[in-house]
Structures are given as C-alpha cells and as structure tokens.
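Each remark here refers to the structure printed beneath this line.
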Amino acid sequence: MLSYRHGFHAGNFADVFKHFILVYLLNKLKASKPFSFIDPFAAAGKYLLEDSFMSKNKEYLNGISKVLHADISDPLIMNYLDLVRKTNPNKQGNKMVIYPGSCFLAQLALDQDDYIYLSELHNNEFEILKKNFENDSRIVIEKK
C-alpha cells in the first residue's frame, strides 16, 4: 500500500519488540564469513522524532521512550538500547532525536564484511532511504 508511511508508527511498542528481536538474531547469526541482510520493506531507515509523521501520533512515547527510561539491566536488551543511543548524536543520557529503523540497526550491528540489501517502493521513502545510506558501500538500495 503506497499510502502507508512507517514514520507514523516508528518507535511504538511493536516496533521496539521487533527491533530488539532483530538485533538479538543478527548478533546470534554473525559468522566468520560475510553475512547478508535483506530488508524488502526498508522505508526511510531512520526517523526524526520532530518529523511531522512521528510527531502526529507520537506512538514512540508508549514504545522506545518508555523503554529508554526504564530501569533495565538485561544485557540482551541493553545491546539493543546501546544501538539506539549510538544513533543519536546527543549521547547525553536517554535524550533521543533519531529513532533507528530495522535497516539502520542492521547497519550498526553487522560487520564491515557483511552485505545489506534494501528495497523500498514508496517514492518519498526511497529517496530518504538513499540519502540515509549513501555513504556505506556495503549497502545496495533498490526501488521495488
């Protein structure tokens, strides 16, 4: 559906759960030889909280914001949260400006020898996706 924009829902509780599982699996699947990650519905890759899409419904307030401010010591969850924090240039506490999507988390979690294949059909999302990953030679982006 080309009218769907993930930015309205990025960072909600379901997204956080999905991304935690993704980071966990990527770390478990790492091998000594190159690994390929494929995201056929990549969307924009990362999302600014002040963007009109995210600020409209503010679904992230009941998702990633609560998790970031919770007292969590589980190393598996902390691994995911460390990547979320690494995405944000502020690095002061739990201040978040950018929410990383699946493909951005994969970019952070995978090694330099690994490959990332991204696909997006929505015109606007595709252009944002290209811009977000233009400097990483491991990443192939296609509009399909």
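For my numbering, count along the sequence shown from 1 and bump the result up by 11.
For every residue, glycine included, the Cβ atom is placed at its ideal position computed from N, Cα and C.
{"Check": "Sequence-distant residues of the same chain with beta carbon closer than 7 Å to I49, five excluded per side", "Outcome": "Y128"}
{"Check": "Entirely enclosed beta strand (DSSP E) segments - the segment 93-141, minimum 3 residues", "Outcome": "109-111 and 126-130"}
{"Check": "Boundaries (first-last residue) of the alpha helix (DSSP H) holding F24", "Outcome": "F24 to L40"}
{"Check": "F48 - partner residues in DSSP beta bridges", "Outcome": "I127"}
{"Check": "Distance, K141 Cα to K44 Cα", "Outcome": "27 Å"}
{"Check": "Residue burial classification, Q118 (beta-carbon count within 10 angstroms, cutoff 16)", "Outcome": "buried"}
{"Check": "Proximity below 8 Å, CB of K9 to CB of S130", "Outcome": "As shown, the chain starts at 12 and ends at 155. That puts residue 9 outside it, with no answer to give."}
{"Check": "C-beta neighbour in chain B for Q123, strict 8 Å", "Outcome": "Absent from the structure: chain B. Only one protein chain is present."}
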